[in-house]
Each structure stands twice: as structure tokens, then as C-alpha cells.
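S.K.: Just dropping this structure here.
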Amino acid sequence: MSDRTSSKSSGSASRVVLSFSPPDERTADALDADSYRSYLRRTRSGPASVGAEWDEFVSGGCGTTRDVTLRVESVRGGEEIGEETELVFEPSSE
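For the sequence shown, full-length UniProt numbering gives the first residue as 1, with consecutive numbering after it.
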């Protein structure tokens, strides 16, 4: 079931909710950085579909990275990730 709440069929989404796995505090802290949100807006610009999974990585500190899977849980206000799209991260329940 889609969580699209817009009369528009395209355009920039106002908000995209992404769940993340592994659901730990270190990953949450890395995702919360403004620089990471900017990175995702650039690399994932364009259509976002509920249920899509993205294999990404975040900083693990000291020059290391951690693999993370992001899953699109909802898209509101349009269908595409744009410069103004708010990205919300929630721990995966799985």
C-alpha cells in the first residue's frame, strides 16, 4: 500500500521516510548528519518508490564505513526526491 498523499502525480516530494538496517544508534547518528542528507538528495534524486531498498554506507569513524540498507517507507507531496525533500530516518522493525 502506497503512502502518497498528493493531488500531483509528479514533482518533488515534501517528505520521504526511510527505515534503516542495522537499527543501531551509531548508524542513526551517521544518517542524521546534514551532509549525509545532502549526499542522499544528490545521489538518489528522481523517483522514489515505496518498498525500494538502497544499499548504502555511512561513516563508521576513523576512516571506516558501515554498510546500511535504506528502505523507502513513504513518499509524500510528490514522487521524486529533490533538493527540498525532507528525509526522515527510522530504525527498521525487522
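Beta carbons are placed, not taken as given, at the ideal position from N, Cα and C, and that holds for glycine.
So, is residue 1 buried or exposed, given that buried needs 16 or more other C-beta atoms within 10 angstroms?
M.R.: Here the question's residue 1 lines up with position 1 in the sequence shown. Bear in mind that the predicted position of residue 1 carries a pLDDT of just 40, short of 50, making it unreliable; the figure below should be weighed with that in mind. Classification for residue 1: exposed.
S.K.: Around the C-beta of residue 42, are 16 or more other C-beta atoms found within 10 angstroms, so that it is buried, or is it exposed?
M.R.: On the sequence shown, position 42 is the one that residue 42 refers to. Flag for residue 42 reads exposed.
S.K.: Within 10 angstroms of the Cβ of residue 74, are there 16 or more other Cβ atoms? Answer buried if so, exposed if not.
M.R.: In the sequence shown, counting from the first residue as 1, residue 74 sits at position 74. By the neighbour-count rule (16 or more Cβ atoms within 10 Å), residue 74 is buried.
S.K.: Using a Cβ-Cβ cutoff of less than 8 Å, which residues in the same chain neighbour residue 86 once the five nearest sequence positions on both sides are dropped?
M.R.: Counting from 1 along the sequence shown, the entry for residue 86 is found at position 86. Closer than 8 Å at the Cβ level, and outside the excluded window around residue 86, lie 14, 15, 16.
S.K.: Go through its chain and collect everything with a Cβ distance to residue 72's Cβ below 7 Å, but skip five positions before and after it.
M.R.: Stepping through the sequence shown from its first residue, residue 72 is reached at position 72. Excluding positions up to five away in sequence, the list reads 16, 18, 48, 49, 50, 51, 52.
S.K.: Counting only the same chain and skipping the five closest in sequence on each side, list residues whose C-beta sits under 7 Å from that of residue 37.
M.R.: In the sequence shown, the residue the question calls residue 37 occupies position 37. Once the five neighbours on either side are set aside, the close Cβ partners of residue 37 are 87.
S.K.: Using only CA atoms, which one of 20, 11, 12 lies nearest to residue 92?
M.R.: The residue labelled residue 92 in the question sits at position 92 within the sequence shown. Of 20, 11, 12, the residue nearest in Cα terms is 20.
S.K.: Taking just the CA atoms, how far does residue 34 sit from residue 62?
M.R.: Your numbering for residue 62 matches position 62 in the sequence shown. Your numbering for residue 34 matches position 34 in the sequence shown. Computed Cα separation, rounded: 19 Å.
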